[in-house]
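Inspection log for the structure reproduced underneath, given as C-alpha cells.
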Ligand code: DOR
Ligand code: ZN
C-alpha cells in the first residue's frame, strides 16, 4: 500500500499542515513531515475536508444500468469528493429484500470507489401497502439502517407508524419523501405564480408540509427516528423548527438544487429543471439557506437522480423528475454558503455520517482516523460541461454554469480514488 504525504493543506479551522496517510489511516499530522517512499501531493492553498457523505443517491442498479450503475455513480461520487453514499431503494427490482440490498452492497465493494450503503424500501415494491422485510435487511450483510420509499411517499399513516415502531429496535430511521399524493395529482411544477402563467398543474407547498407535520407527530408518539428527504419549502422549515424545539427525533436534508434554483427555470420548458419536489421560490431558498446555517436542516444531500436521454429530453409533461448532483454538490454548496468550511464539513460529512451510522466517515484528519478525505481547491472556478461528467446520464441543471471549487483528490481508506482532479480507476 502506497503512503501519501499531503503537504501544506488546510484542515477545517486550522493552519496549513502536512498529513501522512499510511495503511488506510491518517498516520501523522504536523508541519514539516517526511516519509520515505511516500507519494508527495503538494496541497498549498487547498483545504482538507472529511470525505463527503451523501444520504440520498440514486444509483439505478439493478434495472436501469443505461442511466447509471453502481460503478459509474460511485465514480461520479468520488469525483465530487464523496467517500460514502447511501443508495436509494427505487431500483428495479426494488431494494425491498435482503437479497437486493446485499447485491447493491456487493457491487459497491467491487467498484471500490466509495462506500455504498444501501437504503431499504419501507414497503414491498414501494407500493405503500405492506411493510417490507425491514428486519431481514437490517440483519443482512448490507446492515441497512435507513429505510425509504423515496420517489413515493409512505402516505398511509398506520403503515408509517408501524415502520417507525419496527426500526426502533435497531435504532433505524425512516427517511420520508414528504408528498401528500392526493394534493399532487398531475403536478408538474411548484404551485404558484409561475405555474399559473405557464398553465402547468401545480405541486403545492402544503403537500410537503402536511406530511412532515403528520410524521413528526408520529415520530414523537412512537419515540422513533424520522429523517425528512429533500425539504423544499419555508413552511416545512417552520414545522421542523417547532418539532426540534420539542425534542422530536427528526433530521432533515436539503438538496443543492433547492438551495440555488427557482421555479422560474420552468419558463424554459427544459425538462432538465423538472424535479420532485419541484424547484420553489426565492423566498423558500432564503428560508432553506437560513435553516441550514442554523441547523434546523441538518444535511445537504444530493438526490442525484440520473435519467436516460429518452426519459429527459422530451416534452415536459412526460419527462421523469430528477437531476444529477454528485459531481457538482460541493461547488454549489461553496457558491451558496461561501467558504464556511466548518459548516460545509458539518452538513456534507460529519452529520450525514452520524445519521447513517457510518462510523469510519465524517471524521476530520487526526492520527489513527480512517483516511477518508477530500482535498478541495477553493480558488478554482470551473464551467460545468455535461459531456465531461462521469455519470452515465447528462441531466445536470448546471450545464455551462461557472461554479467555484474543484475536487483535487479523494481518499478512501488511504487509497486515492481521485488524484489531480481525475478518477484513479
Ligand atoms: O426528482 C426526483 N427523482 N425525486 C424523487 O423523489 C425520485 C427521483 C428519482 O428516482 O428519479
Ligand atoms: Zn424523493
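In full-length UniProt numbering, the protein residues as written are 1 to 425. We treat Cβ as the ideally placed atom computed from N, Cα and C, and that holds for glycine.
1) Let me check one thing: in DSSP terms, what residues is residue 57 bridge-paired to?
2) Is it right to say residue 157 is buried, meaning 16 or more other beta carbons lie within 10 angstroms of its own, or is it exposed?
3) List the whole-angstrom C-beta distance separating residue 438 from residue 41, where the pair is believed to meet the contact cut-off of C-beta under 8 Å.
4) Does DSSP put residue 269 in a helix, a strand or coil?
5) At a cut-off of 6 Å, is residue 151 close to ligand 1 when judged by its beta-carbon and the heavy atoms of the ligand?
6) Does the beta-carbon of residue 322, which I'm using as the reference point, lie nearer than 6 Å to any heavy atom of ligand 1?
7) Let me check you understand the geometry: is the CB of residue 257 closer than 6 Å to at least one non-hydrogen atom of ligand 2?
8) Under 7 Å, do residue 95 and residue 164 count as touching if we go by C-beta distance?
9) Should residue 304 be listed as close to ligand 2, given that the test is whether its C-beta is under 6 Å from any heavy atom?
10) Kindly indicate the opening and closing residues of the beta strand (DSSP E) around residue 416.
11) Would you list, in sequence order, the uninterrupted beta strand (DSSP E) runs of no fewer than 3 residues that lie entirely inside the region 99-130?
12) Taking a contact to mean a Cβ-Cβ separation below 7 Å, would you say residue 52 touches residue 81 in this structure?
13) Quickly, what does DSSP pair residue 377 with across the bridge? List them, please.
14) Might you give, ordered along the chain, the residues of its own chain that have their beta carbon closer than 6 Å to the beta carbon of residue 125, omitting 5 neighbours on each side?
15) Are the beta-carbon atoms belonging to residue 38 and residue 8 less than 7 Å from one another?
16) To the nearest whole angstrom, what separates the beta carbons of residue 68 and residue 306, a pair I think is in contact under 8 Å?
17) Who are the Cβ neighbours of residue 410 in its own chain at under 6 Å, not counting the five residues just before and after it?
18) Please determine whether the Cβ atom of residue 56 lies at a distance below 6 Å from any heavy atom of ligand 1.
19) So, for residue 188: in the same chain, excluding its five sequence neighbours on each side, which residues have a beta-carbon less than 7 Å away from its beta-carbon?
20) Under 8 Å: do the region 324-331 and the region 279-294 share three or more Cβ pairs, one atom per stretch?
21) Apart from the five residues just before and just after residue 74, which ones in its own chain have a Cβ nearer than 7 Å to its Cβ?
22) Does residue 269 pass the burial test, meaning 16 or more other C-beta atoms within 10 Å, or should it be called exposed?
23) Are the region 221-237 and the region 285-292 touching, with three or more C-beta to C-beta distances below 8 Å?
24) Is it buried or exposed for residue 242, if we count other Cβ within 10 angstroms and need 16 for buried?
25) Sort out for me which residues DSSP pairs residue 17 with in a bridge.
26) Can we count residue 314 as close to ligand 2, meaning its CB is less than 6 Å from some heavy atom?
Reading off the structure:
1) By one-based count along the chain shown, residue 57 stands at place 57. According to DSSP, residue 57 bridges with 87, 304.
2) The residue labelled residue 157 in the question sits at position 157 within the chain shown. Classification for residue 157: exposed.
3) Look at the range of the chain in this structure, 1 to 425, and you will see that residue 438 is not part of it.
4) In the chain shown, residue 269 corresponds to position 269, counting from 1. Coil, per DSSP.
5) Position 151 of the chain shown, counted from the first residue, corresponds to residue 151. For ligand 1, at least one heavy atom lies less than 6 Å from the Cβ of residue 151.
6) If you number the chain shown from 1, residue 322 lands on position 322. Yes; taking the cut-off as 6 Å, the Cβ of residue 322 has a heavy atom of ligand 1 nearer than that.
7) Position 257 of the chain shown, counting from 1, holds the residue named residue 257. Checking every heavy atom of ligand 2 against the Cβ of residue 257, none is found closer than 6 Å.
8) As a working note, residue 95 is residue 95 in the chain shown. As a working note, residue 164 is residue 164 in the chain shown. No, these two residues do not count as a Cβ contact at 7 Å.
9) Here residue 304 refers to the residue found at position 304 when the chain shown is read from its first residue. The answer is no for residue 304.
10) For the purposes of this step, residue 416 is identified with residue 416 of the chain shown, where counting begins at 1. Unbroken beta strand (DSSP E) run through residue 416: 415-419.
11) 115-118
12) The sequence position of residue 52 within the chain shown is 52, counting from 1. The sequence position of residue 81 within the chain shown is 81, counting from 1. Cβ atoms of residue 52 and residue 81: closer than 7 Å.
13) Indexing the chain shown from 1 puts residue 377 at position 377. DSSP lists 406 as partners of residue 377.
14) On the chain shown, residue 125 is found 125 positions in, with the first residue counted as 1. Non-local beta-carbon contacts of residue 125 in its own chain, meaning distances under 6 Å to residues more than five positions away in sequence, involve 94 in chain order.
15) For the purposes of this step, residue 38 is identified with residue 38 of the chain shown, where counting begins at 1. For the purposes of this step, residue 8 is identified with residue 8 of the chain shown, where counting begins at 1. Taking 7 Å as the Cβ cut-off, residue 38 and residue 8 do not qualify as a contacting pair.
16) Counted from its first residue, the chain shown places residue 68 at position 68. Counted from its first residue, the chain shown places residue 306 at position 306. Contact flag correct, Cβ pair sits at about 4 Å.
17) Your numbering for residue 410 matches position 410 in the chain shown. Only 78, 81, 374, 417, 418 meet the Cβ criterion.
18) Counting from 1 along the chain shown, the entry for residue 56 is found at position 56. For ligand 1, not one heavy atom lies less than 6 Å from the Cβ of residue 56.
19) As a position in the chain shown, residue 188 is number 188, starting the count at 1. Answer for residue 188: 200, 201, 316, 317, listed in chain order.
20) The region 324-331 vs the region 279-294: no contact.
21) Position 74 of the chain shown, counting from 1, holds the residue named residue 74. Answer for residue 74: 108, 111, 113, 114, 116, listed in chain order.
22) The residue given as residue 269 occupies position 269 in the chain shown. It counts as exposed.
23) Touching, yes, given that three or more Cβ pairs across the two stretches are closer than 8 Å.
24) Numbered from 1 along the chain shown, position 242 holds the residue referred to as residue 242. With fewer than 16 Cβ atoms within 10 Å of its Cβ, residue 242 is classed as exposed.
25) Sequence index remark: in the chain shown, residue 17 carries index 17 (1-based). Answer is 9.
26) What you label residue 314 is simply residue 314 of the chain shown in a count that begins at 1. Residue 314 Cβ: outside cutoff for every heavy atom of ligand 2.
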